[in-house]
Amino acid sequence: RSAPYRRGMAELRKTKLTIVGAGSVGATTAYACQIRGVAGTIAIYDLNGQKTRAEVLDLNHGAAFVPSSDVIGSDDIEVTAKSDLIVITAGAKQKPGQTRLDLAGANVAITKKLVPALLEHSPNAVILMVTNPADVVTMAAQKFSGLPRHRVFGSGTVLDTARLRYLLAEHVGVATGNVHAYIAGEHGDSEIALWSSASVGAVPLKDWAPPGKPSIDAETRRQIHGQVVNAAYDIIQGKGATWYAIGLAVARIAEAVLRDEDRVLSVSSWLDDYNGISDVCLSVPSVVNSSGVQYYLDVPLSSSELAGLRASADEVRAVARSVGI
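One gets my numbering by counting positions in the sequence shown from 1 and adding 1 to each.
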């Protein structure tokens, strides 16, 4: 296997990324991927042909200001052919007062129809599920694709992890990139923060106590975790949906796959005896490269964190069973 960043620009130019769904999340993901030069070809597929063509035209008008890529799109599924990575954002939107799990039935039905059709045109693709509820829909995509489990995974808590790091950085007064902490479990209300392994720079979070800087006590951790869990609801209440941060998060995951980076990300994948948890898709820190999820990391967990992760697994598993997964 190639080492991280081994893919040069010439090889990257040959890669193809398909984004299914031309709504706010899909279009913003395409924009983020275009700006970052993630793939040689970015294809958008949506049944609304007029909307798709408009998004493609708008993106192409900015081609002079971004790394070179071909942006194409259509309401014909043939536009997705020979993709290396397929990102699925299509599905019913989360409405104010609705949880991500409330969307399960409708979006599992869409996944059942969509995934096999996409794989007919791109049998070698890695599938990345973004549609909510991400963990249940990822389980559905794995079932309906027939692919090896490592090739179908979800965006999981990558965005939630970014939210956690932002809030911790704001609290302690350091750059976000110097905060190392993860959200694990369901991408939703039962997600947990992995406080035991969190650190600021090289300092474990539990030992963080620079002179004149605020501490991160149990109450502070509780408040920050609550803000992470409720972040999407706050944004949905204010503007109807989230799209900027998730678009950037997905672009980052796409880079890890298409650039073969071996990057650690808190994506959602099928767990098999992970601290006794099996038969469910949940987010844990995992190594992501061109094959998908290469493996997940055995992160130290406190007893409360392990209990929370198991409860999260039970929550997702129950919803998946209720919709026949």
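Built from N, CA and C at the ideal position, the CB exists for glycine as well.
Check: Residue 1 and residue 249 look like a contact to me (Cβ under 8 Å); what is the Cβ gap, rounded to whole Å?; Outcome: Given that the chain is displayed from residue 2 to residue 326, the structure contains no residue 1 and the question cannot be resolved.
Check: Please state whether DSSP places residue 215 in a helix, a strand or coil.; Outcome: coil
Check: Does the region 152 to 160 come close enough to the region 116 to 136 to have 3 or more Cβ pairs within less than 8 Å?; Outcome: yes
Check: Go through the region 145 to 223 residue by residue and report every complete run of the alpha helix (DSSP H) that reaches 4 residues or more, in order.; Outcome: 159 to 173
Check: Quick one: Cα of residue 280 to Cα of residue 135, how far?; Outcome: 15 Å
Check: Beta carbon of residue 286: closer than 7 Å to some heavy atom of the ligand HEM?; Outcome: The ligand HEM is not part of the structure shown, which contains no ligands of any sort.
Check: In chain order, what residues of the same chain lie with their CB nearer than 6 Å to the CB of residue 297, ignoring the 5 residues before and after it?; Outcome: 285 and 287
Check: Excluding five sequence neighbours on each side, which residues of the same chain lie with their C-beta closer than 8 Å to the C-beta of residue 107?; Outcome: 92 and 93
Check: Between residue 25 and the rest of its own chain, which residues show a CB-CB distance below 8 Å, the 5 nearest in sequence each way excluded?; Outcome: 242 and 244
Check: Determine the burial state of residue 83: buried for a count of at least 16 other Cβ atoms within 10 Å of its Cβ, exposed for fewer.; Outcome: exposed
Check: Let me check one thing: in DSSP terms, what residues is residue 294 bridge-paired to?; Outcome: 289
Check: For residue 294, does the count of other Cβ atoms within 10 angstroms reach 16, so buried, or fall short, so exposed?; Outcome: buried
Check: By the DSSP assignment, the alpha helix (DSSP H) with residue 106 in it spans what residues?; Outcome: 105 to 122
Check: In the DSSP output, which residue or residues are listed as bridge partners for residue 244?; Outcome: Answer by DSSP bridge pairing: none, since residue 244 is not bridged.
Check: Is the CB-CB distance between residue 46 and residue 75 below 8 Å?; Outcome: yes
Check: Less than 8 Å between C-beta atoms, sequence neighbours within five positions excluded: which residues of the same chain meet that for residue 196?; Outcome: 182, 206, 207, 222, 303 and 306
Check: Where do the ends of the beta strand (DSSP E) carrying residue 283 lie?; Outcome: 281 to 284
Check: Considering only the alpha carbon of each residue, which of 217, 137, 190 and 325 lies closest to residue 180?; Outcome: 217
Check: Whose C-beta lies closer than 6 Å to the C-beta of residue 301 among residues of the same chain, with five residues either side of it excluded?; Outcome: 197 and 198
Check: CB-CB under 6 Å to residue 48, same chain, minus the five flanking residues each way: which ones, in chain order?; Outcome: 76
Check: Can the beta-carbon of residue 320 be found less than 8 Å from the beta-carbon of residue 137?; Outcome: yes
Check: Is it buried or exposed for residue 62, if we count other Cβ within 10 angstroms and need 16 for buried?; Outcome: exposed
Check: Just verifying my parser: in three-state terms, what is the DSSP assignment at residue 254?; Outcome: helix
Check: Based on Cα-Cα distance, which residue from 57, 16, 15 and 42 lies nearest to residue 23?; Outcome: 57
Check: Which residues in the same chain have their Cβ closer than 7 Å to the Cβ of residue 191, if we skip the five residues on either side of it in sequence?; Outcome: 312, 313 and 316
Check: Can you tell me whether DSSP reads residue 63 as helix, strand or coil?; Outcome: coil
Check: With 16 other CB atoms within 10 Å as the buried threshold, where does residue 355 fall?; Outcome: Residue coverage of the chain in this structure runs from 2 to 326, which leaves residue 355 outside it and unanswerable.
Check: Quick one, are the C-beta atoms of residue 252 and residue 81 less than 8 Å apart?; Outcome: no
Check: Comparing C-alpha positions only, which one of 79, 163 and 85 sits nearest to residue 291?; Outcome: 85
Check: Tell me, to the nearest whole angstrom, how far the beta carbon of residue 255 is from that of residue 18; I am working on the premise that it is less than 8 Å.; Outcome: 6 Å
Check: Do you know how far the Cα of residue 148 is from the Cα of residue 123?; Outcome: 12 Å
Check: Could you spell out where the beta strand (DSSP E) holding residue 71 opens and where it closes?; Outcome: 71 to 75
Check: Here's a check: name, in chain order, each residue in its chain whose Cβ is nearer than 7 Å to the Cβ of residue 15, leaving out the five neighbours to either side.; Outcome: 41
Check: Could you give the distance in angstroms between the alpha-carbon of residue 299 and the alpha-carbon of residue 277?; Outcome: 12 Å
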